[in-house]
Every structure is written in C-alpha cells, then in structure tokens.
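Working notes, beginning with the structure itself.
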Amino acid sequence: MKLFAGDKEELIRSREIKSTSPASEAETVRMMARNCGDFQQEYGFIMSSLTEEEENFPIAFSILVFIDAYQADQSYRDTMAAIADCFHNVFLASRSVAVEWGTFTVLEPELICMKDLWPFKKWKYFINLTGQEFPLRTNFELVRILTAYNGANDVESIVKRANKERWASAGPTPHGIIPVKGSVHIAVNRDFVDYVLHSPVAQDFLNWTRRVDVPDETYFATLNHNPQLGIRGSYKGYPETDRVTKPFLTRFKNWGDYPCAEGNFNRDICILSTGDLPLLDTRPEMFANKFYQDYSRVALECLHERLYNHTRDEFLGMMDFNASYYQNVSFVKNMVTVEKTKW
119 MKLFAGDKEE LIRSREIKST SPASEAETVR MMARNCGDFQ QEYGFIMSSL
169 TEEEENFPIA FSILVFIDAY QADQSYRDTM AAIADCFHNV FLASRSVAVE
219 WGTFTVLEPE LICMKDLWPF KKWKYFINLT GQEFPLRTNF ELVRILTAYN
269 GANDVESIVK RANKERWASA GPTPHGIIPV KGSVHIAVNR DFVDYVLHSP
319 VAQDFLNWTR RVDVPDETYF ATLNHNPQLG IRGSYKGYPE TDRVTKPFLT
369 RFKNWGDYPC AEGNFNRDIC ILSTGDLPLL DTRPEMFANK FYQDYSRVAL
419 ECLHERLYNH TRDEFLGMMD FNASYYQNVS FVKNMVTVEK TKW
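This note's numbering puts the last residue of the sequence shown at 461; the count rises by one with no breaks.
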C-alpha cells in the first residue's frame, strides 16, 4: 500500500477523506449487531482458530473502553452489549468504574477484568488493551511471540525516571517490596494473574498502592520486577526498560522518540495518523497506541487491511513469522523460572 511506503501524494489525498462521527458509527454498529450473522459477515470476523498453534494457545484480552460525554447515554452501552452478544468468547465486565486519571480507578478495571477472566481455565497469557489501540500483529503472530516468551512477562519498568514523589507519602512498602514505575499495559502469563488475584502479598501491596499517585503505573511493574517474590516469568535483571537491553514489546507509544507525523500529542503521546504508517509497519511491538477514531480513521482502515492481508497470507502459507528476536530478548533470558510455594 502506498501509504505504508510514505507516498506523499497519497498522504495528501488521505487527509481529504471525511470521517463519520463516532456517535453515528456506534448507532450503525448497534443496529447491524441485531443480526449477528450479518454483523459477523459484514465486518469479516474470523469465528474459529485458523491454525493448530492458535487453537492450542488461547490468549485472554481485556479492553478498557473510556466513555466520554457523547457516549454516556444508554445507547452506547447497548452497542457494546450487542457486540458482545454476537460472540461466545466476548463479554462485558461484571461492573464498570468511573475512571479518573491518576487515581486507583485506572487500575481497578484491570483487576476486575482479570477476576472475570480467571474462571476460564485454558488461556495462557493475558493482554490488557484500551479502545485507543490497534494490533500490529496477527493472532498467529501473537501466539508465536508469546510462545517464544516461554512464560516470561512483558512488563515495562522505569527506575531512573520513576517519579518517586508519587509514593513518598505512602509509607513503607509491605514485605520489603521495592517500587518500580511502568505502564499499566502488560502481557503476562496466567501465574502472574493468579498471584495478583490470590496472593496475600499482592493484596497487601495493592492496599499500599491505593495511597500513591498514579497507582496503575506502579502495581504491575513493581510485582514483575521484585524477583524475590518468586512470580514465574518475572524479571530478575536490572529493571530499566530501553530499546536495546530490555525492550517493552507489548505496546508501541511514540513519546517523541520518533517524528510524530501530524505533531499532535495527548499526555505526551503522539496521536497516530496516516503519516505514521511507515513507522508502524516496521515496529516489532504487538499493539500501537494512541489512535482516535475520528482523527485516525484512514490510518486505522489501512492497518485493518494490513492485518487482514497478513492473516490471509499466513493461513495460505504465503507468509511466515520468525519469532527468534522475541525469544532472545533479555526479559526472556532473565526470567524467574521457579515459582515459590503457593500462597
């Protein structure tokens, strides 16, 4: 596709395409989802595993959907419920949370989703997403990557720029845990989720994080980078994420390390658009953030077509995926492999 090649004329034309409003699109989806068969066919959903590898490696996903003013009426919630009703493996969380940035309410929905997913016994990894992201990898490629991880958790960690003032007034941490900063977005094995939900140590630390600022950037990162806790797949090296030594591959976010095509940022993260497609096409991460449906519409449609084409070509044997890079990253080579006795 020309946009992925950085074609300037095609980029100019893409900017002239008008987007429908998210509100009207939600209504269209809700009406279409009244007939699940038509809905599934119209959007080209794949309803079963395409390969034996995928069948044998289920992945659990959560998607945190932020509902703002125009989405707050019941019809938008009805749209999400209608979509979920069309799939046997999709459901709404047991309860919703009024999210306020920087507070425990950002972390709380992730814990609710973990708890809701736990009874489903077969999944091997958990990945949490938001409504402002899109996959850069097919499901087949995700399975290959997570298989290469061999139980390692992909969790960001920051020590040098950890904003330690966030927890300065929270008092000492329980159990001698050393706080670490990192993203709330993770790709973790089932044992990590088990620890989060059922370990008394994790619960004690969770209660401590309620007293810190931006607890969602403390909880998962800290648990994964305190190897003395004995969580399988956690990291026992120096907890500092960087591009070479310890990359964070769950999510691509452009914090200004690369040119932002349109120069638009939200909370210091580039809002991705068609001009960013050449960069996204080369990224090794699993998902990209941040997209806005109305602003990034053409880019999202291009990424959707790319994802479909890769899925088709992999199924037909015309394309393969080499996961050796992921097998050799430091958090795989330096993971905790022996879990402590059950709590």
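Even for Gly, the Cβ is constructed at its ideal location relative to N, Cα and C.
Whose CA, out of 396, 418, 360, lies closest to the CA of residue 277?
Checking every option, the nearest Cα to that of residue 277 belongs to 360.
Which whole-angstrom value is the C-beta distance of residue 405 and residue 369, which I expect to be below 8 Å?
Indeed, because the Cβ distance is near 5 Å, the residues count as touching under 8 Å.
Do you know offhand how far residue 248's Cα is from residue 304's?
A direct Cα-Cα distance of roughly 12 Å separates residue 248 from residue 304.
Using the three-state DSSP reduction, which class does residue 375 fall into: helix, strand or coil?
Three-state DSSP puts residue 375 in coil, outside helix and strand.
Measure the alpha-carbon distance for residue 302 versus residue 336 and round it to whole angstroms.
Straight-line Cα distance between these residues: approximately 8 Å.
Beta-carbon separation of residue 465 and residue 299 under 9 Å?
Residue 465 lies beyond the range of the chain shown here (119 to 461); nothing can be said about it.
With a CB to CB cut of under 6 Å and the five nearest residues on each side skipped, what residues in its chain are close to residue 306?
The residues 244, 271, in chain order, have a CB closer than 6 Å to that of residue 306 in the same chain once the five nearest residues on each side in sequence are set aside.
Helix, strand or coil for residue 295 per DSSP?
In the three-state reduction of the DSSP assignment, residue 295 falls in the coil class.
Quick check on residue 187: buried or exposed, where buried means 16 or more other Cβ atoms within 10 Å of its Cβ?
Note on residue 187: pLDDT 47, under 50, position unreliable in the model; the coordinate value appears next. By the neighbour-count rule (16 or more Cβ atoms within 10 Å), residue 187 is not buried but exposed.
Where residue 377 falls, given that 16 or more other Cβ within 10 Å makes a residue buried:
By the Cβ-count criterion, residue 377 is exposed, with fewer than 16 other Cβ atoms from all chains shown falling within 10 Å of its own Cβ.
By Cβ distance, which residues of its chain are closer than 8 Å to residue 382, with the 5 residues on each side in sequence left out?
So the qualifying residues of the chain are 388, 389, 391, 413.
So, using beta-carbon positions, are residue 235 and residue 311 closer together than 9 Å?
Result yes, Cβ atoms of residue 235 and residue 311 sit closer than 9 Å.
Can you tell me which of 417, 224, 144, 454 puts its alpha carbon nearest to the alpha carbon of residue 192?
Comparing Cα positions, the closest option is 144.
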